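Protein chains: 2
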Amino acid sequence: MADVAERAGVSTSTVSRTLRGLSTVSPEVRARVEQAARELDFAVSRHAASLVTGRTRNVAVLVPTLSSWFMGTALSGLARVLRAAGMELTVYVIPGMAERTAFFEHLPARRNADALLVFSFDLTDEETARLDDLAMPVVYVSQHVDGRPSVYVDDVAGALHGTRHLLNLGHRRIAYVRTEGACGFSFSSQERLVGYRQALAEAGLPLDDDLVVATPAGDKRGAAEAVGRLLGLREPPTAVFAEQDEVAVAVIWTLRATRIEVPGQMSVVGFDDQPVAQWFDLTTVAQSPSRIGQEAGELALSLIDDPGAERERHLVLPTHVIPRTTTAPPPAPRAEPQLPPD
Amino acid sequence: MADVAERAGVSTSTVSRTLRGLSTVSPEVRARVEQAARELDFAVSRHAASLVTGRTRNVAVLVPTLSSWFMGTALSGLARVLRAAGMELTVYVIPGMAERTAFFEHLPARRNADALLVFSFDLTDEETARLDDLAMPVVYVSQHVDGRPSVYVDDVAGALHGTRHLLNLGHRRIAYVRTEGACGFSFSSQERLVGYRQALAEAGLPLDDDLVVATPAGDKRGAAEAVGRLLGLREPPTAVFAEQDEVAVAVIWTLRATRIEVPGQMSVVGFDDQPVAQWFDLTTVAQSPSRIGQEAGELALSLIDDPGAERERHLVLPTHVIPRTTTAPPPAPRAEPQLPPD
DNA sequence: TTGAAAGCGCTAACAA
DNA sequence: TTGTTAGCGCTTTCAA
Chain V
1 MADVAERAGV
11 STSTVSRTLR
21 GLSTVSPEVR
31 ARVEQAAREL
41 DFAVSRHAAS
51 LVTGRTRNVA
61 VLVPTLSSWF
71 MGTALSGLAR
81 VLRAAGMELT
91 VYVIPGMAER
101 TAFFEHLPAR
111 RNADALLVFS
121 FDLTDEETAR
131 LDDLAMPVVY
141 VSQHVDGRPS
151 VYVDDVAGAL
161 HGTRHLLNLG
171 HRRIAYVRTE
181 GACGFSFSSQ
191 ERLVGYRQAL
201 AEAGLPLDDD
211 LVVATPAGDK
221 RGAAEAVGRL
231 LGLREPPTAV
241 FAEQDEVAVA
251 VIWTLRATRI
261 EVPGQMSVVG
271 FDDQPVAQWF
281 DLTTVAQSPS
291 RIGQEAGELA
301 LSLIDDPGAE
311 RERHLVLPTH
321 VIPRTTTAPP
331 PAPRAEPQLP
341 PD
Chain C
1 MADVAERAGV
11 STSTVSRTLR
21 GLSTVSPEVR
31 ARVEQAAREL
41 DFAVSRHAAS
51 LVTGRTRNVA
61 VLVPTLSSWF
71 MGTALSGLAR
81 VLRAAGMELT
91 VYVIPGMAER
101 TAFFEHLPAR
111 RNADALLVFS
121 FDLTDEETAR
131 LDDLAMPVVY
141 VSQHVDGRPS
151 VYVDDVAGAL
161 HGTRHLLNLG
171 HRRIAYVRTE
181 GACGFSFSSQ
191 ERLVGYRQAL
201 AEAGLPLDDD
211 LVVATPAGDK
221 RGAAEAVGRL
231 LGLREPPTAV
241 FAEQDEVAVA
251 VIWTLRATRI
261 EVPGQMSVVG
271 FDDQPVAQWF
281 DLTTVAQSPS
291 RIGQEAGELA
301 LSLIDDPGAE
311 RERHLVLPTH
321 VIPRTTTAPP
331 PAPRAEPQLP
341 PD
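Those protein sequences? They're chains V and C, same order as listed.
Okay, so the first sequence: first residue is 1 according to the UniProt record's numbering, each after it adds one.
Okay, so the second sequence: first residue is 1 according to the UniProt record's numbering, each after it adds one.
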């Protein structure tokens, strides 16, 4: 910066003021400084700047992975609003327990970011408490933490509507396939199951635990086992509500391999509306991670500007059912022996 | 840090030495300092540290998007090696031309990162030159830039082997479906087409431009048009090599909707081995973005430590064909009128 | 093995 | 409107 100042024949303060766009610089001087900065390819050191301002112009995110549709899409949405605000994005990827422990022990984001967005973790109270004394706004995404700003999709309503869609088609035996082992995502998982149960209760149907099975996400083998359990029931389901599209697709795969027609003999509903849902023409509950990322980013920015505001703001985003071709009315019941035809 | 020093009854220099793991600290003092740091939840300000060391312990990446399988997986691999090295990861998402121009104009990474990884862009010479005087190592990923460190998959060989697989099955009319409009990814795109042509040339087959069609990635409609053009040829293909799995899936979708059997009447090969390839049981050329990310990260770290080394290192990663159920020998040719049977 | 002091590159308060 | 000066929180000589 001293170089720029010298070349423009001004002091470093003036260079600083010019480069930050402060209005207290005369046009001629501004022009000279900008010219000099361009010629010298000068870029302000954010480090030096934040040392004195205390603001880093950097937002940190904590994510379990980068390689999922949800995370990729959400972070793209977030990145857009941060870029527009001139903020940078630092990503902490915490795939397992060891890394998680290390992160919470050292909290490396401390003093190195202006805000932290925590995605899709099911935090312990202790971990939440650690984040509380981080001295920066923390926004919880895809989870709700009481008394802290959170952005999430209405999983309960989504599952409720998806299940209702099946009920409205006439299904009475509806299974729920949840994911297991997807530690960190268990939050949405719980909520969706609640919505499913709520729909059944509404319809006056009993909750049959045999109809709730689990499988690791995206695993053909596990899905086959889960479907196998359902098909082996005394009274098997005529429809399946899957916690995620990937699970729905695995279920459909298994059913088709067994020559069980979808939706002829079994209807399937997913949750997400990932690209794969289109390829399978899957009826699904759509959510918009990109919107989630965007809203979370905007909330974080507003908290940075005014740490008092919206401290307890919960933003609940909507979902909507997209009917496609994997749902239909249940097959006609088999002739029931005890009732003579006509 | 002053607080920690006071609490431990030492100078800030000693705290600094302790926290950086320097060996010139006596065990008792080290214990006291670590204790104090823990009690005060102290984390070093990277900003202040880098101001004096000149190293930021931060690696920047430039990516066109975060919401693709390739990027998500590659960045996960990269994040792993960076975390192990105690480096942080800053992501610049540059989805369009406007953002790209802005990035290259200001080069915000300058002085704010120790290295830059540029993913999947087809850079102009001018842009490359800009990056050259960034005063930090720049690693090019998924592209080769002469004389600069690059990490990429052997797209030519991949497409060559994929096409050969079709040739070996007996196919002679093989179409190539490329993506268009996916600006920034055009590099791999070109290379794969080269591999395809090479395979045909090897087999002594003519290059028929009618067999090369384009479609926007992941677009059902566009794929239908492209497939339509192929099916309308005087001599339609019996197999399709698709530049990416997503395109292959769209092609299969269209074919099946038209009651053209895959692989009975048309074989299809993809490139990537994304999860969707499994769901479609797609024969494909597999690459490992996670490995790419990892290697790129390691290369960047080594360049940071020793800017002289490996300055021109090109790391070319292998691919392999995964045969699944979308490829088979071509259908028996129709009876040819001019030859009497037997 | 430890401490004192200088200074990294910037911004902010104050003076001019 | 501009310049001078102090100091942000560290690391790094250099001296002890």
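The beta-carbon is built from N, C-alpha and C at its ideal position, and this holds for glycine as well.
Since we're looking at a predicted model, the values are computed, not measured.
Within the same chain, Val-262, Pro-263, Val-268, Leu-282 and Thr-283 come within 6 Å of Thr-326 of chain C by CB-CB distance, once the 5 residues on both sides are set aside.
Secondary structure of Gly-270 of chain V (DSSP, three-state): strand.
Apart from the 5 residues on each side of it in sequence, Leu-211 of chain V sits with its Cβ closer than 8 Å to the Cβ of Arg-173, Ile-174, Ala-175, Tyr-176, Leu-230, Leu-233 and Pro-237 in its chain, given in chain order.
Around Ala-157 of chain V, the same chain offers Gly-195 and Thr-319 as residues with beta carbons nearer than 7 Å, after the five sequence neighbours per side are excluded. Shown here, Val-156 of chain V sits in a helix according to DSSP, grouped into three states.
Excluding sequence positions up to five before and after Tyr-92 of chain V, its CB lies within less than 8 Å of the CB of Ala-60, Val-61, Leu-62, Val-63, Phe-103, Pro-108 and Ala-109, all in the same chain and listed in chain order.
The three-state reading of DSSP puts Arg-178 of chain C in strand, counting E and B together. Ala-214 of chain V carries a strand assignment under DSSP once its states are collapsed to helix, strand and coil. Residues of chain V with a Cβ closer than 8 Å to the Cβ of Glu-99 of chain C are, in chain order, Arg-83. Check the Cα spacing between Trp-279 of chain C and each of C:Ala-296, C:Thr-101 and C:Ala-248: the tightest is with C:Ala-248.
Contact fails between the stretch 35-53 of chain C and the stretch 282-298 of chain C, because fewer than three Cβ pairs, one in each stretch, are under 8 Å apart. Inclusion of Val-316 of chain C and Asp-146 of chain C in the CB contact set at 9 Å is not warranted, their separation being larger than that value. Closest option to Val-321 of chain C, judged by alpha-carbon separation, among C:Gly-293, C:Asn-168 and C:Ala-257: C:Asn-168.
Under the Cβ criterion of 9 Å, Asp-133 of chain C is counted among the residues facing chain V. Considering only V:Ala-296, V:Val-4, V:Glu-243 and V:Leu-205, the residue with the shortest C-alpha distance to Pro-216 of chain V is V:Glu-243. Using a Cβ-Cβ cut-off of 9 Å, Leu-89 of chain V counts as an interface residue toward chain C, since at least one Cβ of chain C sits closer than that to its own. Counting along the chain, Thr-18 of chain V sits inside the alpha helix (DSSP H) bounded by residues 12-19.
By alpha-carbon distance to Val-29 of chain C, the top candidate from C:Ala-8, C:Ala-309 and C:Arg-130 is C:Ala-8. In the DSSP assignment, Thr-53 of chain V falls within the unbroken alpha helix (DSSP H) covering 46-53.
Pro-275 of chain C reaches chain V at Gly-218, counting residues in chain order whose Cβ is nearer than 7 Å.
Classified as buried, Ser-68 of chain V has 16 or more neighbouring CB atoms from the shown chains inside 10 Å of its CB. Of the candidates V:Pro-27, V:Leu-22, V:Ala-31 and V:Ala-36, V:Ala-36 places its Cα closest to the Cα of Ala-2 of chain V. Of V:Ala-214, V:Gly-218, V:Glu-202 and V:Arg-197, the smallest CA-CA separation from Asp-208 of chain V is found for V:Arg-197. Per DSSP, Val-59 of chain C lies in no alpha helix (DSSP H) segment; the continuous beta strand (DSSP E) that holds it begins and ends at 58-63. Here Gln-190 of chain V is exposed, its C-beta having fewer than 16 other C-beta atoms within 10 Å.
By the CB criterion at 9 Å, Pro-275 of chain V and Val-81 of chain C fall outside the cutoff. For Leu-303 of chain V, the enclosing alpha helix (DSSP H) covers residues 289-305. Interface flag for Glu-246 of chain V against chain C is set, since a Cβ pair is found closer than 9 Å.
Chain C places no beta carbon closer than 9 Å to that of Ser-288 of chain V, leaving this residue out of the contacts.
Leu-131 of chain C carries a helical assignment under DSSP once its states are collapsed to helix, strand and coil.
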